[in-house]
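To start, the structure itself, in structure tokens.
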Amino acid sequence: MAFLRTYLSDIYHGARSLLKGMKLTGYYFTHRKEIITQQYPDNKAEMKLPERFRGEVVMLHDENNEHACTGCTACELACPNGTIKIITKIETSPDGKKKKALDTFIYHLELCTMCNLCIQACPTDAIKMAQNFEHSVYDRSQLTKNLNKPGSKIREGVE
1 MAFLRTYLSD
11 IYHGARSLLK
21 GMKLTGYYFT
31 HRKEIITQQY
41 PDNKAEMKLP
51 ERFRGEVVML
61 HDENNEHACT
71 GCTACELACP
81 NGTIKIITKI
91 ETSPDGKKKK
101 ALDTFIYHLE
111 LCTMCNLCIQ
121 ACPTDAIKMA
131 QNFEHSVYDR
141 SQLTKNLNKP
151 GSKIREGVE
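Residue numbers (UniProt numbering): 1 to 159.
Here you go:
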């Protein structure tokens, strides 16, 4: 008898859950002014992505082609699947001090899970998640990107 009671209880709770979901769907169907679904690609020009959307990692450069990446490799260590590879070089300043600097910032988009751990680990906020999401290519090698621009250097005052 307990088996039958459990069985009927499961059916009741399942039907109740189904009706609850259908009620919410029916509400959005009848209140058309609250459209949530965006008609991509028809509305590409006016499409608004949420502020928290994670598209891909980009390195910020200012108008002087300067960035804030010190080459500390914190983002590389925080990445769970090896998406980021930092290649550093040793530079000598005019006063004779040797300092590690960024040579190449390699980002493998095809491996990235958009987890945002590299952004949180960066002590100088040199990288961020961009809003672009169209990553379809015919050649996988196009998904490996060099994030620091040619000729870029570290911004003065960033340590």
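Just so you know, even glycine gets a beta-carbon here, dropped at the ideal spot from N, CA and C.
Under three-state DSSP, which class holds residue i?
| i | result |
| --- | --- |
| L102 | strand |
| E66 | strand |
From residue i to residue j, what distance separates their C-alpha atoms?
| i | j | result |
| --- | --- | --- |
| L143 | S93 | 35 Å |
| K20 | I86 | 50 Å |
| L4 | R16 | 18 Å |
| L49 | N64 | 29 Å |
| K98 | T83 | 28 Å |
| G71 | V137 | 29 Å |
| I119 | K128 | 6 Å |
| D62 | F29 | 46 Å |
Following the continuous alpha helix (DSSP H) through residue i, name the residue where it begins and the one where it ends.
| i | result |
| --- | --- |
| K23 | A2 to T30 |
| E76 | A74 to A78 |
| L117 | L117 to A121 |
Would the beta-carbon of residue i be found less than 7 Å away from any heavy atom of the ligand COA?
| i | result |
| --- | --- |
| E66 | The ligand COA is absent from the structure shown, which contains no ligand whatsoever. |
Got a sec, what are the start and stop residues for the beta strand (DSSP E) residue i sits in?
| i | result |
| --- | --- |
| V58 | V57 to M59 |
| K97 | Run containing K97: none; DSSP gives neither H nor E here. |
| M129 | I127 to M129 |
message = Does the segment 40 to 48 come into contact with the segment 101 to 109, if we say contact requires no fewer than three beta-carbon pairs (one atom in each stretch) closer than 8 Å?
response = no
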